[in-house]
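Numbered per numbering that gives the first Met the number 0, the sequence shown spans residues 0 to 324.
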Amino acid sequence: MLFSYSSLDPISEETLRAGMDGVVVAVERSIASELPARFGIMLDGWTHASEHYIAVFACYEVNGCPKTTLLSMAPLLDALDDDLSAQGHLEFLATMLPRDYGVQLTQCRFLVADNCAVNRRLATLMSMPLVGCASHRLNLAVQTDMASHEEDLAAVQALMVNCVLSPNLPNYGKRQCVLKTPLRPVIRQDTRWSSTFEMVRRYLQLLEFLDAEDDDLMDLLPPPAMNKRLRALYQELCDIESVSKALQGHDVDLLDVREWFDELIAVKPQYGRYIGKFITVEFVFNIFTNNCIMVFILQGLGPTLCTAQILRLGVYAFSTGRRSG
């Protein structure tokens with residue numbers, strides 16, 4: 000059917016593959032011509048249907064503007080002896096970079112990735128700083144804090160599941176009449192706390208439309224005391240959500256992140272375990288993070304530095320017009 004809507008002449012599989020390979024080579028050459036002598040690498044991995052994939056991005060500047068370019072997105076396991084260890088990631092990068100872009104892994108100056116054990120070990124093997132994902136750290140902090148509200152959240156989740164309008168569920172026709180609003184239920188997911196925020200917000204929006212006399216809902220509706228706690232929780236989550244969205248900005252730097260995290264810790268000290276300056280419980284202490292904190296001190300946010308500390312910052316020096324001082 001797709002061919003019937005195309006005005007292109009049919010081509011063979013070999014010709015199509017050759018054309019696609021040619022496009023890949025052309026794109027790789029274009030990226031290689033733009034890559035500077037020093038750059039950073041950002042990693043993101045995920046598993047689908049027992050296959051583990053890894054996306055590799057290069058982080059650098061072009062005419063003073065930050066740029067993040069996708070270098071590779073491929074299965075990590077290729078040969079029989081490949082594995083998902085930090086050494087396997089290292090060998091993949093050491094092979095892919097010179098083969099496809101003519102650069103060496105030693106030209107990389109920092110690694111951006113989630114704060115998991117494999118990435119921390121990879122940064123150690125590469126002898127370079129790991130800039131842990133701030134959103135990931137915030138997600139861990141909020142998820143841990145949400146455990147104290149699990150009973151209330153589970154009650155809302157059960158109600159939302161019951162209100163889902165699916166033709167496959169019993170009493171579908173009746174369920175369509177339960178909610179006298181175009182707003183649909185939202186169900187939270189286990190991986191991201193933001194889905195919990197969306198679920199609580201939607202529940203509070205739907206509350207006035209839920210019929211307490213409905214036989215399918217009356218046993219699931221949270222009591223007034225629980226609703227009061229959920230409203231208070233929602234106000235807390237609104238503040239966290241604003242920080243979470245700000246972290247996605249294009250002009251955010253590590254100083255911005257540190258300032259926002261410090262403000263959150265002032266309100267919720269328990270978050271310090273995950274987003275504090277010196278992470279010693281869940282994450283290995285990171286020299287780069289310490290050096291960044293020393294930069295904050297240089298900008299007048301703390302005590303003075305010794306000569307050895309100032310010299311140690313030299314490897315990360317670069318010119319920028321965004322901040323003065």
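Each residue gets a CB set at the ideal place from its N, CA and C atoms; glycine is no exception.
By how many angstroms is the C-alpha of residue j removed from the C-alpha of residue i?
i: residue 97; j: residue 250; result: 30 Å
i: residue 66; j: residue 237; result: 30 Å
i: residue 326; j: residue 141; result: Residue 326 is absent from the model: the chain starts at 0 and stops at 324.
i: residue 218; j: residue 272; result: 38 Å
i: residue 116; j: residue 84; result: 10 Å
i: residue 262; j: residue 247; result: 18 Å
i: residue 6; j: residue 16; result: 20 Å
Do residue j and residue i have their beta-carbon atoms positioned less than 8 Å apart in this structure?
i: residue 240; j: residue 196; result: yes
i: residue 406; j: residue 71; result: In the structure displayed, the chain extends from 0 to 324; residue 406 sits before or after that span and is not available.
i: residue 132; j: residue 157; result: no
i: residue 144; j: residue 27; result: no
i: residue 191; j: residue 138; result: yes
i: residue 194; j: residue 243; result: no
For the ligand ATP, is there a heavy atom less than 7 Å away from the beta-carbon of residue i?
i: residue 136; result: The ligand ATP is not part of the structure shown, which contains no ligands of any sort.
On the three-state DSSP scale, how would you describe residue i?
i: residue 207; result: helix
i: residue 251; result: coil
i: residue 7; result: coil
i: residue 264; result: helix
i: residue 131; result: strand
i: residue 66; result: strand
i: residue 72; result: strand
i: residue 43; result: strand
Cutting at 6 Å between CB atoms, please list the residues of its own chain near residue i, excluding the five before and the five after it.
i: residue 90; result: none
i: residue 255; result: none
i: residue 369; result: Given a span of 0 to 324 for the chain in the structure shown, any question on residue 369 remains unanswerable.
i: residue 69; result: 56
Leaving out the 5 sequence neighbours to the left and right, which residues in its chain are closer than 8 Å to residue i when beta-carbon positions are compared?
i: residue 110; result: 39, 40, 41, 42, 118, 121, 122, 125, 127, 128, 129, 130
i: residue 151; result: 221, 225, 228, 229, 232
Nearest to residue i by CA position, among the options, is which residue?
i: residue 154; options: 247, 198, 191, 139; result: 198
i: residue 204; options: 216, 215, 159; result: 159
So, for residue i: in the same chain, excluding its five sequence neighbours on each side, which residues have a beta-carbon less than 7 Å away from its beta-carbon?
i: residue 74; result: 50, 51, 52
i: residue 201; result: 182, 184, 185
i: residue 135; result: 113, 114
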